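Q:
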Amino acid sequence: MRAAIVVGTAGAAVTGLLWWGSADLTAGDPDHRAARFVPRDGTHAVVVTDDGQVTSEEHARLNGLESLLSTPTVVSVAVSEAVGEASASMRIWRQTTTWYDHEAAGGPEQGTSILAVDDRGVLGLASYGSFTLTYDPPFVELPADVHPGSEWSGEGTAGSGIDYRYELAAGDSDAGDDCLNVTGELALSRDGEEFFTNDVDEDWCEGRGIVSAEAGEVPGLDLDTEPLRPEPTVAEAADWSTGRLPLRIAERVGAPFATDSLFATEGPPVPGPDGGLVLASSTTRDLAAFVRRDDALVRQAVGHPGGEPTALGAAGDVAVVGTTTKRAVAYGSLGERLWTVELPDVLLTAPFGADDEHLVLATASGDVVVVDPATGEERWDDTVADQVTARPAYDDGLLVVVDVAGTVKAWDLAAGEVRWESEVPGAVAVAVVGDRVVVHGLGTVQALDAGSGDRLWSTAVDGAAPQGLGAIGDTVVVDTGEDTLALAVGDGAERWRRPSADQTLVLGELVVQARGHRVVALDADAEQVGSWPIDDDLSAPVSLVATETGVWATDVSSRVVEVGP
Numbered sequence: 210m211r212a213a214i215v216v217g218t219a220g221a222a223v224t225g226l227l228w229w230g231s232a233d234l235t236a237g238d239p240d241h242r243a244a245r246f247v248p249r250d251g252t253h254a255v256v257v258t259d260d261g262q263v264t265s266e267e268h269a270r271l272n273g274l275e276s277l278l279s280t281p282t283v284v285s286v287a288v289s290e291a292v293g294e295a296s297a298s299m300r301i302w303r304q305t306t307t308w309y310d311h312e313a314a315g316g317p318e319q320g321t322s323i324l325a326v327d328d329r330g331v332l333g334l335a336s337y338g339s340f341t342l343t344y345d346p347p348f349v350e351l352p353a354d355v356h357p358g359s360e361w362s363g364e365g366t367a368g369s370g371i372d373y374r375y376e377l378a379a380g381d382s383d384a385g386d387d388c389l390n391v392t393g394e395l396a397l398s399r400d401g402e403e404f405f406t407n408d409v410d411e412d413w414c415e416g417r418g419i420v421s422a423e424a425g426e427v428p429g430l431d432l433d434t435e436p437l438r439p440e441p442t443v444a445e446a447a448d449w450s451t452g453r454l455p456l457r458i459a460e461r462v463g464a465p466f467a468t469d470s471l472f473a474t475e476g477p478p479v480p481g482p483d484g485g486l487v488l489a490s491s492t493t494r495d496l497a498a499f500v501r502r503d504d505a506l507v508r509q510a511v512g513h514p515g516g517e518p519t520a521l522g523a524a525g526d527v528a529v530v531g532t533t534t535k536r537a538v539a540y541g542s543l544g545e546r547l548w549t550v551e552l553p554d555v556l557l558t559a560p561f562g563a564d565d566e567h568l569v570l571a572t573a574s575g576d577v578v579v580v581d582p583a584t585g586e587e588r589w590d591d592t593v594a595d596q597v598t599a600r601p602a603y604d605d606g607l608l609v610v611v612d613v614a615g616t617v618k619a620w621d622l623a624a625g626e627v628r629w630e631s632e633v634p635g636a637v638a639v640a641v642v643g644d645r646v647v648v649h650g651l652g653t654v655q656a657l658d659a660g661s662g663d664r665l666w667s668t669a670v671d672g673a674a675p676q677g678l679g680a681i682g683d684t685v686v687v688d689t690g691e692d693t694l695a696l697a698v699g700d701g702a703e704r705w706r707r708p709s710a711d712q713t714l715v716l717g718e719l720v721v722q723a724r725g726h727r728v729v730a731l732d733a734d735a736e737q738v739g740s741w742p743i744d745d746d747l748s749a750p751v752s753l754v755a756t757e758t759g760v761w762a763t764d765v766s767s768r769v770v771e772v773g774p
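Be aware that the sequence shown starts at 210, since it is given in this note's numbering, and climbs by one per residue.
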């Protein structure tokens, strides 16, 4: 419906929103007054609807092609028909409304409105949620030269046999000198009978959009923030098989259609609740959450943190994305924004869930910020000497971070107190293995005492391109980019050597490797447990993602092959 009326539940409408944050005129928008009312990319608010529901409101600024690739087919086709050849290049404003309690709201998790900004003003193109409306011709939210005294009206079709009409006028607003009060009526009808009428009375303010609603706070939610720590056994892997998991967008509730390979990703995805998946799209700069339905992954929710995604991690049900805006933004499994943390610099390594109460955010300038994964509240912060690009390591209360300068620093996770600091030149990967901290450095694998940081042994290796590091019992497995090596935890003695893989994960009793178009699992003695083909159309490099029951093999186009029970 209108930008301020997102139909996402039966009988519930968001009829006024309060925006805050930076929202100036976006580069490339037409230079007219109506464009100044459009929220900037990544703008977010928590608001309360007329019926008392608390919602998360997010705003994305996309080009037409980005928008068409991220919407259901019925929407993209209808929008293309309504606006013609301009659809691929239009300036799009997408508003997403997420109900924190969708069951109480009586509808789907999200409702979405698609609007355009062009020389005519701000135009409504489509909305979808529990049902879909597509407007032909687009209706005018605000005319380009909108001012006190402006009047405008229109009518058309909204798809599925629905017609729409509107009569609107702008006047002075008590909300401020840069605001307008828009009043009038918007109605939907079928076969000449009106079934939905909205009496419009809204204050639009430059840089803030509609400002007539009650601001809310994120409600307390029951979140599982326990990090995934899969430990598959050799016996379980012997029964694994492989199968393709297509990614789909829901055409409407309960009617998905395949959109495989349309989600170009920024880094590998992370597992979501109940076998789902969360990915960061480099195409639309969205965070997209998929749920498992039969033999497919169907998109359930979209988040838009603003900026380009740089790193994606998870702690249980909470997905956290770092962006070029130097922020970490957290989302729940329904796409609801939970919290935003401002950081000194961008994240280059994935947010790391150490335990259910501590999430580690390590930045490109060496900041180590530890927060509560459920609320974003800071637990403590510290620094290392240089940028952090390697995944932190944690076990038994000890957090260890390495930086590109070779700093190895250990903290008591709960207290934030430094236990010790050491140095391993060229450190590229780290793991805590019992009473040892094992570090892959430049031409070496070294073991440090977990209690003191003292160097216990150092073994020379070829290669410093980290493809994997972990341990099975008293055996350290490291893939250096030249070899896959197994070393004794006690003294660093070599136990076996195999060719390097594209990627190596050490999970439970298994060494799982991506080798060309196969996934191979070895046991602690390098005996092959299984080998499974993956699709030839997965493009290199293939990434392995550990899941609760096995692994996914994925590529940058979000093709997913599942290897598991």
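The C-beta atom is built at its ideal place from N, Cα and C for all residues, glycine as well.
Computed from a predicted model, the values in this text were never measured in an experiment.
1. Return the first residue and the last residue of the alpha helix (DSSP H) that Val443 is part of.
2. Could you tell me the boundaries of the alpha helix (DSSP H) in which Gly273 lies?
3. Please state whether DSSP places Gly363 in a helix, a strand or coil.
4. Could you pull the DSSP bridge partners for His649 from this structure?
5. Mapping the DSSP letters down to three states, classify Val580 as helix, strand or coil.
6. So does the region 596 to 616 actually touch the region 550 to 562, counting three or more Cβ pairs closer than 8 Å?
7. Strictly by DSSP, which residues pair up with Glu771?
8. For Gly230, which of helix, strand or coil comes out of DSSP?
9. Taking 7 Å as the cut-off, is the beta-carbon of Arg707 closer than that to any non-hydrogen atom of the ligand SAM?
10. Quick check on Gln737: buried or exposed, where buried means 16 or more other Cβ atoms within 10 Å of its Cβ?
11. Can you pull the DSSP bridge partners for Phe405?
12. Among residues of its own chain, excluding the 5 on either side of Asp381, which ones have a beta-carbon nearer than 6 Å to its beta-carbon?
13. So for Asp483, helix, strand or coil by DSSP?
14. Kindly indicate which three-state DSSP category Glu290 falls into: helix, strand or coil?
15. For the candidate residues Val633, Ser631, Pro582, Val555, whose alpha-carbon lies nearest to that of Gln596?
16. Enumerate in chain order the residues of its own chain whose CB-to-CB distance from His567 is below 7 Å, with the five nearest sequence positions on each side excluded.
17. Quick check on Val550: does DSSP put it in helix, strand or coil?
18. Spell out the partners DSSP gives Ser752 in its beta bridges.
19. Give a yes or no on whether the C-beta atoms belonging to Gly717 and Thr442 are separated by under 8 Å.
20. Measure the C-alpha to C-alpha separation of Thr693 and Ile458 and round it to an integer number of angstroms.
21. What residue from Ala638, Asp495, Arg502 has the CA that sits closest to Gly186's CA?
22. If you follow the beta strand (DSSP E) that Val715 is part of, which residue opens it and which one closes it?
23. On the criterion of 16 or more Cβ atoms from any shown chain inside 10 Å, does Glu350 qualify as buried, or is it exposed?
24. Give the secondary structure of Ala269 by DSSP, where H, G and I count as helix, E and B as strand, and everything else as coil.
25. What beta strand (DSSP E) runs, 3 residues minimum, are completely inside the region 580 to 607?
26. In three-state DSSP terms, what is Thr282?
27. Is the beta carbon of Val754 closer than 8 Å to that of Thr773?
28. Are the CB atoms of Thr653 and Ala638 nearer to each other than 8 Å?
29. Got a sec? Which residues, its chain only, sit under 8 Å from Pro346 by beta carbon, not counting five neighbours each side?
30. So if DSSP puts Val610 in a beta bridge, which residue, or which two residues, is it bridged to?
31. Can you grab the Cα-Cα spacing for the pair Leu432 / Ser542, in whole Å?
32. Could you check whether Val641 and Tyr603 sit closer than 8 Å to each other, using their CB atoms as the reference points?
33. With a threshold of 16 other CB atoms inside 10 Å of the CB of Ser336, please say whether the residue is buried or exposed.
34. Take Asp658 as the anchor and find which of Gly672, Pro514, Ser631 has the nearest alpha-carbon.
35. Return helix, strand or coil for Arg242, following the three-state DSSP convention.
A: Taking the coordinates as given:
1. Counting along the chain, Val443 sits inside the alpha helix (DSSP H) bounded by residues 443 to 446.
2. Membership of Gly273 in the alpha helix (DSSP H) is indicated by the continuous run 273 to 278.
3. Gly363: strand per DSSP, three-state reduction.
4. Beta-bridge pairing links His649 to Ala638, Val654.
5. Three-state DSSP puts Val580 in a strand.
6. Touching, yes, given that three or more Cβ pairs across the two stretches are closer than 8 Å.
7. Within the DSSP secondary-structure output, Glu771 pairs in a beta bridge with Gly452, Trp761.
8. Because Gly230 carries a pLDDT of 31, less than 50, the predicted location of this residue cannot be relied on, and the following value inherits that uncertainty. Correct three-state label for Gly230: coil.
9. Questions concerning the ligand SAM fall outside what the structure shown contains, since it holds no ligand whatsoever.
10. Taking every protein chain shown into account, the CB of Gln737 has fewer than 16 other CB atoms within 10 angstroms, so this residue is exposed.
11. Answer by DSSP bridge pairing, in chain order: Leu397.
12. Excluding sequence neighbours, Asp381 sits near Pro357.
13. In this structure, Asp483 counts as helix in the three-state DSSP scheme.
14. Of the three classes helix, strand and coil, the one that applies to Glu290 here is helix, per DSSP.
15. Residue Val555 is the option with its Cα nearest to Gln596.
16. Within the same chain, His567 has close Cβ partners Val579, Arg588, Leu622.
17. The answer is strand: DSSP assigns Val550 an E or B state.
18. For Ser752, which the question treats as bridged, DSSP gives the partners Thr763.
19. For Gly717 and Thr442, yes; Cβs fall inside 8 Å.
20. Within the model, the alpha-carbon separation for Thr693 versus Ile458 is close to 39 Å.
21. Residue 186 is absent from the model: the chain starts at 210 and stops at 774.
22. Where Val715 is concerned, the enclosing beta strand (DSSP E) stretches over 712 to 716.
23. Residue burial annotation: Glu350 is buried, with at least 16 other C-beta atoms found within 10 angstroms of its C-beta.
24. DSSP places Ala269 in strand when its eight states are reduced to three.
25. List check, beta strand (DSSP E) in window: 587 to 592, 602 to 604.
26. Correct three-state label for Thr282: helix.
27. For the record, residue 773 in the displayed sequence is Gly; it is not Thr. Taking a C-beta distance under 8 Å as the contact criterion, Gly773 and Val754 do not qualify as a contact pair.
28. Contact: no.
29. Around Pro346: Ala291, Gly363, Gly365.
30. Lys618, per the DSSP bridge assignment.
31. Looking at the two C-alpha atoms, the distance is approximately 9 Å.
32. Yes, the Cβ-Cβ distance between Tyr603 and Val641 is below 8 Å.
33. Looking at its Cβ environment, which holds 16 or more other Cβ atoms inside 10 Å, Ser336 is buried.
34. Across the set Gly672, Pro514, Ser631, the C-alpha of Ser631 shows the shortest separation from the C-alpha of Asp658.
35. Three-state result, Arg242: helix.
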